[in-house]
Structures are given as C-alpha cells and as structure tokens.
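Engineer:
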Amino acid sequence: MSRRIFLLVDAHALIYRAYYALPNLTDPQGHLVNAVYGFARMFLTALNHFEPEYSAVCFDHKGETLRKKQYQAYKAKRAKMPDDLIPQISLTKDLVDAINIPRFEIEGYEADDLIGTINRQVEHLDSSLLTVIVTGDQDMFQLVDNDTKVWMPARGRQQGDMLFDSDLVEKKINIKPTQVVDLKALSGDASDNIPGIQGIGQKTACKLIQRFQNLEAIYQFLQKNPEGDDLIKGALLDKLKNGQEAAFLSQELATISTQAPIDFDLEACRVTAYDKTHTIQLINKLGFKSLVSLLPSDAFENSVQEALF
439 MSRRIFLLVD AHALIYRAYY ALPNLTDPQG HLVNAVYGFA RMFLTALNHF
489 EPEYSAVCFD HKGETLRKKQ YQAYKAKRAK MPDDLIPQIS LTKDLVDAIN
539 IPRFEIEGYE ADDLIGTINR QVEHLDSSLL TVIVTGDQDM FQLVDNDTKV
589 WMPARGRQQG DMLFDSDLVE KKINIKPTQV VDLKALSGDA SDNIPGIQGI
639 GQKTACKLIQ RFQNLEAIYQ FLQKNPEGDD LIKGALLDKL KNGQEAAFLS
689 QELATISTQA PIDFDLEACR VTAYDKTHTI QLINKLGFKS LVSLLPSDAF
739 ENSVQEALF
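Under the working numbering, think of the first position of the sequence shown as 439, with each following residue one higher.
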C-alpha cells in the first residue's frame, strides 16, 4: 500500500474466532492455548502483510458495559466465556506486550468503541495515515471510509483474507458502511440481542434503506405520510409505527462510539524495537515454534538490513 498504515486489532473478535475454529491445541504443560495460537498467527500475519508504522490492540473489559446498563437484554443470549478460554486472554496480552505493541482496555467500553475512538483520533492527528482494522466482526464495517479499511483474516479454506473498502462492503451487504447501524436498527442483530423491529428482516430493511438512506428519513416520511405508500403499507406500515422506539434504541446500541475516554498518544503507538529473544522464549514456552518465522525483525536485524542495502 502507498499510504502509511495504522494497524488496529480487535483482540476479542480474533480470540473467539480462533477458540471456536481451531482444534484443542495445548502447550507443553497441557494447558489449552488454541485461541492464543490463532490470535498470534492472525496478528503476526497482519504485521508482516501491512508493515504498519503504528499499531494498537484493543480488548473488551470484563465488567458490565454501558450498553448493558442501557439495555439489560444486550448480549443476554451469549454464553459466558468458557473456563478454558479465560486464562488464554492474559496469555494473549503477554504476547502483545512482548512485541511492544500498546493495548487498550477501559471499563464500561467494548473493544469496538476503543477502536472507533482511536480511529477517529488518528484521522484528526494525521490525515495521511490509513487505518486498517483487523477483526472478524462485520459491525466494524460502519467505520469504513476513505481513511479506514477492515481486514478480515480467512475463514478455513473457503475464502482468503479480505480487505474491505467502501465498495466491497456495499457489494457484500448491499448497503453503504454509514448505513450499517440503520440496518441493525430495523432488522436487529441476533448475535448481540439487539431487538430491531419485530417482523422486519434484512431484505426488507435493505429495501427501506436503499430508498430512504437512513432511519431518520423513514420516520420523517411517515410523519408527513402517516398512511404510507406503495412500499410502506399494510403490515410493514404497522410494524414501523409500533417499532419506532425499538428501532432508535437499536440504532443507538449498534453505533460504535468514537468518544471513549482514551488517553491516546499517536507516537506511543509507533511500531518500534522489541525484545525478540524474550518473545521467542515466550512463543517456545507456549509450543508455537512455527510462529517464530512470523515475528517482525528486531532492532539488530533492521540495522544489518540497512547496512547491507
């Protein structure tokens, strides 16, 4: 890529994907480490592929989120974190620390909100940077614009790694990135238990968004045209009228915050020297010898490279 890169990593999205996708992999002591391994492989692959000038890794906080306080049913259908995944979170943090990449985690906020906030601050601090968000979560599509792309690591053998810009997002989900929250407002999101409007699915929601562009415009139209029209009529008209409150609540729940209270220093996120020997020791302790070749060059290796070329 011609633009300088800020690589933002959605840690929990990658950790959960790895935990459920990979077989039971254990370290030499017999502890399950499949999620750590999967995260490490995806993270190191991204570092090698994008060669970012800056990077940061964002984690969910284990406490209650602001969304949960606002709507108690938020993510209520999610199973609690498996017992054998809990210790893998701290091991993942150890690995990120060893590579000397800053990590962010704030009580009350999800990793999505930290990523949204950092992304916004990067745009303000250095508009020449391109932010690449590494995640497996399509919620991040709402952040995609001319200065932000989403990179999704491959799932199994069916599809390679995908780098989503605005055009590719629209091709995949039939709406623009800015309309993702309107889609969830209308049709909900079962994985997060965001209600949406009962009885409206994604197909109908997309038709409404393609015509009106956003949720606000739909209800402005209905305010002026309470009887609806050829598209909004009958049962759909009733659903929209009865579901207005749920729709705007769902829109709010689906919107990634760009105002999380982060003490952000761009220069502190510069990808710089790290203790490669210590990192190799950690990787070997976990039994990940195959990942050593993916580690970034350290200061000594970089100095040799510069001297030779």
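Glycine included, every Cβ here is placed at the ideal spot set by N, Cα and C.
Nothing here was measured: the structure is a model prediction, and the numbers come from that model.
#1: Per the DSSP calculation, I443 is bridged to which residue(s)?
#2: Which same chain residues, not among the five before or five after Q743, have their C-beta less than 8 Å away from its C-beta?
#3: Just confirm the distance between the C-beta atoms of H499 and E543, as a whole number of angstroms; I'd bet it's less than 8 Å.
#4: Which ranges does the alpha helix (DSSP H) cover as unbroken runs of at least 4 residues, wholly within the region 612 to 664, from first to last along the chain?
#5: Nearest to I443 by CA position, among P525, S528, F650, S565, is which residue?
#6: Let's test the definition: count the other Cβ atoms within 10 Å of the Cβ of K458 and tell me whether it reaches 16, buried, or not, exposed.
#7: Should I524 go down as buried or exposed, given a rule of 16 or more other Cβ atoms within 10 Å for buried?
#8: Is the beta carbon of L485 less than 8 Å from the beta carbon of V570?
#9: List the residues that DSSP assigns as beta-bridge partners of M600.
#10: Confirm, please, whether the CB-CB distance from D448 to D583 is below 8 Å.
#11: Determine the DSSP secondary structure at R505, reduced to helix, strand or coil.
#12: Compare the Cα-Cα distances from D703 to each of E561, A592, Y475 and report the closest residue.
#13: Can the beta-carbon of I453 be found less than 8 Å from the beta-carbon of Q526?
#14: Can you list, in chain order, the residues of its chain whose CB lies under 7 Å from that of A643, leaving out five sequence neighbours each side?
#15: What number of angstroms, rounded off, separates the C-alpha of E654 from the C-alpha of Q636?
#16: From V730, K723, A478, L733, pick the residue whose C-alpha is nearest to that of H469; which is it?
#17: Does the beta-carbon of R455 have 16 or more other beta-carbons within 10 angstroms, so that it is buried, or is it exposed?
#18: Would you kindly work out how many angstroms separate the C-alpha atoms of S731 and L482, rounded to a whole number?
#19: Quick test of your reading: Q682 and V619, contact by CB under 8 Å. State the CB separation rounded to the nearest angstrom.
#20: Under 7 Å Cβ to Cβ from N652, same chain only, skipping five residues before and after it: list those, please.
#21: Would you kindly work out how many angstroms separate the C-alpha atoms of V709 and M480, rounded to a whole number?
#22: Could you compute how far the alpha carbon of L533 sits from the alpha carbon of L720?
#23: By a C-beta neighbour count over all protein chains shown, 10 Å radius and 16 as the cutoff for buried, is K507 buried or exposed?
#24: Span of the beta strand (DSSP E) holding A494?
#25: What residue does the alpha helix (DSSP H) around V748 start on, and which one ends it?
#26: Have a look at E433 and K531 and give me their C-alpha separation to the nearest angstrom.
#27: Nearest by alpha-carbon distance to T555: which of T717, T696, E705, D465 is it?
#28: Excluding the 5 residues preceding and the 5 following I718 in the sequence, name in chain order all residues of the same chain whose CB lies nearer than 6 Å to its CB.
#29: On a CA-only basis, which of K513, T503, P520, L504 is nearest N472? Give me that one, please.
#30: DSSP state of R516, grouped into three classes?
#31: What is the rounded straight-line gap between the Cα of P466 and the Cα of K727?
Structural biologist: From the atom records:
#1: To locate residue 443, count along the sequence shown from 1; it is residue 5. Partner(s): L568.
#2: The count along the sequence shown starts at 1 and reaches residue 743 at position 305. The pLDDT assigned to Q743 is 43, lower than 50, so where the model puts this residue is not dependable, and the model offers no usable value.
#3: Position 61 of the sequence shown holds residue 499. Position 105 of the sequence shown holds residue 543. Their Cβ separation, rounded to whole angstroms, is 5 Å, which keeps H499 and E543 in contact under 8 Å.
#4: 618 to 625, 640 to 650, 653 to 662
#5: Here residue 443 corresponds to residue number 5 of the sequence shown, with the count starting at 1. Of the listed residues, the one whose Cα sits closest to I443 is S565.
#6: In the sequence shown, the residue the question calls residue 458 occupies position 20. The displayed chain sequence assigns Tyr, not Lys, to residue 458. Flag for Y458 reads exposed.
#7: Taking the first residue of the sequence shown as 1, we reach residue 524 at position 86. With fewer than 16 Cβ atoms within 10 Å of its Cβ, I524 is classed as exposed.
#8: As a working mapping, residue 485 is identified with position 47 in the sequence shown. As a working mapping, residue 570 is identified with position 132 in the sequence shown. No, they are not a contact pair.
#9: Along the sequence shown, one-based indexing puts residue 600 at 162. DSSP output for M600 lists M590 as bridge partner(s).
#10: Here residue 583 is taken as the residue at index 145 of the sequence shown, counted from 1. Here residue 448 is taken as the residue at index 10 of the sequence shown, counted from 1. Not closer than 8 Å, so no.
#11: For the purposes of this step, residue 505 is identified with residue 67 of the sequence shown, where counting begins at 1. Here R505 sits in helix by DSSP.
#12: As a working note, residue 703 is residue 265 in the sequence shown. That would be E561, whose Cα lies nearest to the Cα of D703.
#13: Numbered from its first residue, the sequence shown carries residue 453 at position 15. Numbered from its first residue, the sequence shown carries residue 526 at position 88. Yes.
#14: For the purposes of this step, residue 643 is taken as residue 205 along the sequence shown, with counting starting at 1. Excluding sequence neighbours, A643 sits near L621, L624, S625.
#15: Numbered from its first residue, the sequence shown carries residue 654 at position 216. Numbered from its first residue, the sequence shown carries residue 636 at position 198. If you take the alpha carbons of E654 and Q636, they lie about 18 Å apart.
#16: Looking up residue 469 in the sequence shown gives position 31. The shortest C-alpha separation from H469 is found at K723.
#17: Numbered from 1 along the sequence shown, position 17 holds the residue referred to as residue 455. With 16 or more other Cβ atoms within 10 Å, it is buried.
#18: Translated into positions along the sequence shown, residue 731 becomes position 293. Translated into positions along the sequence shown, residue 482 becomes position 44. Distance between the alpha carbons of S731 and L482 is about 10 Å.
#19: By one-based count along the sequence shown, residue 682 stands at place 244. By one-based count along the sequence shown, residue 619 stands at place 181. That belief does not hold up - the Cβ atoms of Q682 and V619 are roughly 16 Å apart, past 8 Å.
#20: Within the sequence shown, residue 652 is the residue found at index 214, counting from 1. The residues are Q617, D620.
#21: By one-based count along the sequence shown, residue 709 stands at place 271. By one-based count along the sequence shown, residue 480 stands at place 42. Each residue's Cα considered, the two are about 17 Å apart.
#22: Reading the sequence shown from its first residue, position 95 is the one you call residue 533. Reading the sequence shown from its first residue, position 282 is the one you call residue 720. Roughly 7 Å separates the two Cα atoms.
#23: Counted from its first residue, the sequence shown places residue 507 at position 69. Exposed.
#24: Your numbering for residue 494 matches position 56 in the sequence shown. Run containing A494: 492 to 496, per the beta strand (DSSP E) assignment.
#25: The first residue shown for the chain is 439 and the last is 747, placing residue 748 beyond what the model contains.
#26: In the structure as shown, the chain starts at 439 and stops at 747, and residue 433 therefore has no counterpart that could be examined.
#27: The sequence position of residue 555 within the sequence shown is 117, counting from 1. With distances taken between Cα atoms, T555 lies closest to T696.
#28: For this step, residue 718 is matched to residue 280 along the sequence shown. Contacts found: V730.
#29: Walking along the sequence shown from the start, residue 472 turns up at place 34. Considering only alpha carbons, the answer is P520.
#30: Residue 516 sits at position 78 when you count from the first residue of the sequence shown. R516 falls in the coil class under three-state DSSP.
#31: Here residue 466 refers to the residue found at position 28 when the sequence shown is read from its first residue. Here residue 727 refers to the residue found at position 289 when the sequence shown is read from its first residue. Their Cα atoms are separated by approximately 12 Å.
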